[in-house]
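Peer 1:
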Amino acid sequence: MSIQQDLEAVKQSVVILDKQISTRIKDVDSYLEDLQSAMESSAGDLLSQVEDKIDLLAGTVDEEVRKIDQRFENLGRYWEEELGNIRLNAQDQMGRLQEKLGDVHIEGKNLLEEFKNEYSIQKDKIEEFVSRYKANFQKEGEAASDRLGESLRNMKEEGNEILQTLREEFSGTIDKMEQIVKKNEKVLEIHAEKIRVDVEY
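Counted the way my numbering counts, the sequence shown spans residues 6 to 206.
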């Protein structure tokens with residue numbers, strides 16, 4: 006073979022190598038794109054799961070607060086009904102006693118008056134107890150609601166911090182992958198250029 010033929014063969018090899026390098030670069034780009042896409046998809050799924058769990062937790066806490074408020078309301082209504090029943094029962098008993106003593110002499114009327122006074126005293130005591138109990142119960146309920154609200158706010162803040170951290174870490178990972186792509190492209194370009202120079206000289 007002549008020198009010209011050898012040179013042509015070398016040039017042909019360079020062309021083939023250049024195509025191989027280009028193909029390899031495309032393969033690397035494709036691989037990195039697939040990897041980046043997979044990472045974005047995984048990170049997106051992870052962020053979505055975290056957000057869903059935070060929303061679920063917030064909904065659960067809100068539901069518990071609603072249930073507690075409902076129990077407060079039911080208990081308050083129960084005490085009001087009980088007090089009403091006590092009043093009706095006492096009034097009914099007093100009415101029956103008044104009927105029995107209606108035709109009795111003065112001592113019976115004095116007994117009825119004494120019963121009325123005692124009923125009034127006991128009624129006031131019952132109303133005072135119920136009022137004080139309801140006030141304390143409402144105060145404790147408000148304190149419990151405040152504690153639950155504070156816990157919910159803290160959990161939401163922690164969830165937002167987790168989401169922000171994940172976004173920052175994911176962004177940093179994408180930046181690193183882009184740097185790797187650029188670095189590999191540069192290395193392959195330098196290698197191909199070196200081969201071309203060696204062949205030409």
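Virtual Cβ for every residue (Gly too), placed ideally from N, Cα, C. Values in this document were obtained by computation on a predicted structure and should not be read as measured data.
Using only the alpha-carbon positions, how far apart do residue 97 and residue 86 sit?
Peer 2: In the sequence shown, residue 97 corresponds to position 92, counting from 1. In the sequence shown, residue 86 corresponds to position 81, counting from 1. Cα to Cα, residue 97 sits roughly 16 angstroms from residue 86.
Peer 1: In angstroms with no decimal places, state the Cα-to-Cα distance between residue 38 and residue 30.
Peer 2: The residue labelled residue 38 in the question sits at position 33 within the sequence shown. The residue labelled residue 30 in the question sits at position 25 within the sequence shown. Rounded to whole angstroms, residue 38 to residue 30 spans 12 angstroms at the Cα level.
Peer 1: Does residue 89 have its Cβ less than 8 angstroms from a Cβ in chain C?
Peer 2: Structure shown: chain C not included; a single protein chain is present.
Peer 1: Suppose you measure from the CA of residue 166 to the CA of residue 27; what does that come to, to the nearest Å?
Peer 2: Taking the first residue of the sequence shown as 1, we reach residue 166 at position 161. Taking the first residue of the sequence shown as 1, we reach residue 27 at position 22. So the two alpha carbons sit approximately 43 angstroms from each other.
Peer 1: Could you compute how far the alpha carbon of residue 125 sits from the alpha carbon of residue 75?
Peer 2: Numbered from 1 along the sequence shown, position 120 holds the residue referred to as residue 125. Numbered from 1 along the sequence shown, position 70 holds the residue referred to as residue 75. Approximately 33 angstroms, taken between the alpha carbons.
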